[in-house]
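Undergrad: Going by this note's numbering, the first residue of the first sequence is number 992, and it counts up by one from there. All C-beta atoms in this analysis are idealised placements derived from N, C-alpha and C, irrespective of residue type, glycine included. As the structure is a computational prediction, the values presented were derived from the model and not from experiment. I'd like to ask you about the structure that follows.
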Amino acid sequence: MPELPEVESVVRTLRNGTPSLIGARIRSVDPVWPGVCAHRPDDLCLEQLVGCRFDSIARRGKYLIFSLSCADSRAHFLVIHLRMTGRLFLVPDRDALQRHTRLVLYLAGGHALRFDDPRKFGRVWLTDDPGTLTGRMGPDALTVSPDEFAGRLAGYRRQVKPLLLDQSFVAGLGNIYADESLYRAGIHPRANSADLLPEDVRRLHAAVTSVLGEAVAAGGANIDGVFKAGSFVINVYGREGAPCRICGTPVSKIRLGQRGTHFCGQCQPL
DNA sequence: CACTCTACCTGTGCGC
DNA sequence: TGCGCACAGGTAGAGT
């Protein structure tokens, strides 16, 4: 399940890996599963990608934003959201499509950018204005300052876990890192944001940015071998009943805002 | 505004 | 063994 650290890892691999996607020109497009393209009314068609060149790659929350140079010399952006199970990689263009391949962009030079996604939740957009997708998002959760975090939080009166998941509050946290951040901060997921003390808010901000920063540095998470890519150690997510690594109390699991929520009742009192 | 529910999907893992 | 079903969750949108 790609959240901010996993998406950042994809960005860095595509940008700095060998080969790099930067500078590559799109030779042809194979929309293996056409539903992968969200295609809102003002969006462009994927066929218009042919001939475009990748100039740069950025991340905004969990969105990947590819800046393109195209023949019509207008600014085009390919935007991709991996959602739950999407994966993106550069492969030799002779590589066989996989069962869950949804889109292939064949590049000049013998490689292809392939998008695989078993659950078909992931989407791509081709647009002149990525702000139509990311405009309402809050600041990036990896780099938000303590003051901005506290200032924005003060505008809400909500359960803190669903608030952390709200991309218009801060962008990039998903279910796993929201639980991990609250655990590190020692804050109960059901706590109301308006009841947090200034020191709680400061600790929560530090937890969010440090958890994400460490996960980025580790190349993502490692959940009992489910995520093989990274080595970030998970403390509560998916560990219901297992002993808290701090106090030994069995990790609790509840449902909060329709989401599985994991925490230590001892270390995160309400 | 805060919240709840539903829809979108399919692989996994459980109970029977 | 095989069947059925709950479950996982990011986001949008509708409803309370």
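Between residue 1178 and residue 1254, what straight-line distance do the alpha-carbon atoms span, to the nearest angstrom?
TA: So the two alpha carbons sit approximately 9 Å from each other.
Undergrad: If you draw a straight line from the C-alpha of residue 1232 to the C-alpha of residue 1242, how long is it?
TA: Approximately 5 Å between the Cα atoms of the pair.
Undergrad: If the criterion is Cβ atoms closer than 8 Å, does the pair residue 1066 and residue 1056 meet it?
TA: No. Outside cutoff.
Undergrad: If we ignore side chains and look at the alpha-carbon of each, how far apart do residue 1058 and residue 1027 end up?
TA: Spanning the two alpha carbons is a distance of roughly 19 Å.
Undergrad: Counting along the chain, where does the beta strand (DSSP E) carrying residue 1244 start and finish?
TA: Run containing residue 1244: 1243-1247, per the beta strand (DSSP E) assignment.
Undergrad: For a minimum of 3 consecutive residues, which ranges assigned as the beta strand (DSSP E) are wholly contained in the stretch 1023-1081?
TA: Qualifying beta strand (DSSP E) stretches, in chain order: 1044-1051, 1054-1060, 1066-1072.
Undergrad: Using the C-alpha atoms, what's the distance from residue 1071 back to residue 1054?
TA: In a straight line, the C-alpha of residue 1054 is about 6 Å away from that of residue 1071.
Undergrad: Is the beta carbon of residue 1129 closer than 8 Å to that of residue 994?
TA: Not a contact, by the Cβ cut-off of 8 Å.
Undergrad: Report all residues from its chain with a CB closer than 6 Å to the CB of residue 1061; omit the five preceding and five following residues, and keep chain order.
TA: Excluding residues within five positions, the ones whose Cβ falls inside 6 Å are 1043, 1067.
Undergrad: Between 1023, 1202, 1157, which has its C-alpha nearest residue 1097's C-alpha?
TA: Per the Cα distances, 1023.
Undergrad: Where does residue 982 land, buried or exposed, given buried means 16+ other C-beta within 10 angstroms?
TA: Residue 982 is absent from the structure shown; the chain starts at 992 and stops at 1261.
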